[in-house]
Structures are given as structure tokens and as C-alpha cells.
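Okay, so here's the structure we're looking at.
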Amino acid sequence: MGVSYSDGESLHDAFRSTVVTIEVNGSLLVIDPELPPYELPWTDTAYVITAWNPGKPLPAEENRRRNVELRQELDERGYVVFDAVGRSRDSRWEEWGYAVIGADRAEAVALGQRFGQLAIFELTTTSLTVLDC
Numbered sequence: 005m006g007v008s009y010s011d012g013e014s015l016h017d018a019f020r021s022t023v024v025t026i027e028v029n030g031s032l033l034v035i036d037p038e039l040p041p042y043e044l045p046w047t048d049t050a051y052v053i054t055a056w057n058p059g060k061p062l063p064a065e066e067n068r069r070r071n072v073e074l075r076q077e078l079d080e081r082g083y084v085v086f087d088a089v090g091r092s093r094d095s096r097w098e099e100w101g102y103a104v105i106g107a108d109r110a111e112a113v114a115l116g117q118r119f120g121q122l123a124i125f126e127l128t129t130t131s132l133t134v135l136d137c
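Quick note, the sequence shown lines up with residues 5 to 137 if you use the numbering used here.
Structure follows, in C-alpha cells:
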């Protein structure tokens with residue numbers, strides 16, 4: 005997920021401190037990497053992927069259009085998909101995307117690459133990991 009970051013903070017530090025919120029059946033599941041453990045309503049690995057801000061900020065309408073395209077591709081592939089948002093700890097930025105179950109790591113990274121992302125998240129029952137695209 006592309007992100008702006010403050011002076012002195014590396015891009016990967018910003019990614020690693022991202023708080024991810026996933027909407028699951030009407031409830032919000034907040035994944036804070038600084039406050040594990042957390043309980044997931046699934047046991048499979050999920051990947052959090054966005055189409056927002058591919059290496060640079062885009063207008064909101066363009067970001068929404070790109071996310072619709074990503075969602076269509078995820079649905080066509082038959083993955084289980086939940087709406088998600090990644091936010092900086094200080095809430096100065098956020099990017100909407102999807103938590104995806106059913107993809108393997110290579111497929112998820114390839115989707116991130118296809119949509120111009122520098123990284124995606126891998127979410128397991130014990131960790132939230134940044135994966136380079």
C-alpha cells in the first residue's frame with residue numbers, strides 16, 4: 005500500500021506501523037501490529053491489497069476507480085474478499101483496499117505489482133507482515 009511518511013521515518017517503517025481495519029460480516033476487525041495478539045475469524049493466510057496511490061498520490065476518484073477494477077479481478081478469481089483500510093497510526097493518511105483469502109503469496113504479490121504497489125500485507129493469526137511487490 006503506498007503511503008506518505010514523516011521525516012525520519014522510512015517507508016517500510018511506515019508500512020510496518022500501519023493499522024489495518026477489516027469489515028467482516030458487519031463488524032470491524034482492527035489489526036494493530038503493535039498490539040498483538042488478535043483473533044481472526046479465519047485460519048487461512050489473508051493478503052491486504054490496495055490499488056490506491058501506485059507509487060504516487062492520485063485523486064480520490066481515480067483511486068476509487070482503480071479499487072473497483074481490483075475488486076472485479078479478485079471476484080473473477082473466486083477469492084473471499086473483505087473491505088479493508090490501512091491507516092497511519094496518526095490517521096494522517098488512509099488507503100482503502102481488500103483483505104483477500106484464497107490467494108497464495110505469489111498471486112497476491114503479483115496483484116500488488118499489477119496495481120503498482122510497492123508492498124502488500126500478509127496477515128496470519130500471529131502476524132501482519134509487509135511483503136515487497
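Glycine included, every Cβ here is placed at the ideal spot set by N, Cα and C. The structure displayed is predicted, hence computed values, not measured ones.
Can you tell me whether residue i is buried or exposed? The criterion is at least 16 other CB atoms within 10 Å of its CB, across all chains shown.
i, result
"A64", "exposed"
"D11", "Low per-residue confidence applies at D11: pLDDT is 42, beneath 50, and the placement is therefore not dependable, though the value from the model is reported in the following sentence. D11 should be labelled exposed."
How many Å lie between residue i and residue j at the Cα?
i, j, result
"R96", "D48", "31 Å"
"P37", "E80", "31 Å"
"A107", "Y83", "7 Å"
"M5", "A18", "In this prediction, M5 scores a pLDDT of 39, lower than 50, which makes its location untrustworthy; no coordinate-derived value is stated."
"L78", "S14", "30 Å"
"Q76", "I105", "15 Å"
"E98", "W46", "25 Å"
"T128", "E66", "30 Å"
Residues in the same chain with beta-carbon distance under 6 Å from residue i, minus the five sequence neighbours each way, listed in chain order, please.
i, result
"G116", "I53, I124 and C137"
"V85", "L78, Y102 and V104"
State the CB to CB distance for the pair residue i and residue j, rounded to an integer number of angstroms; the pair is presumed to be in contact (CB under 8 Å).
i, j, result
"F119", "L62", "Contact doesn't hold; Cβ gap of about 11 Å is too wide."
"G101", "A88", "5 Å"
Within the same chain, show all residues whose beta-carbon is closer than 7 Å to that of residue i, passing over the 5 residues directly before and after it, in chain order.
i, result
"G30", "none"
Might you give, ordered along the chain, the residues of its own chain that have their beta carbon closer than 8 Å to the beta carbon of residue i, omitting 5 neighbours on each side?
i, result
"R70", "A55, W56, P58, L62 and F119"
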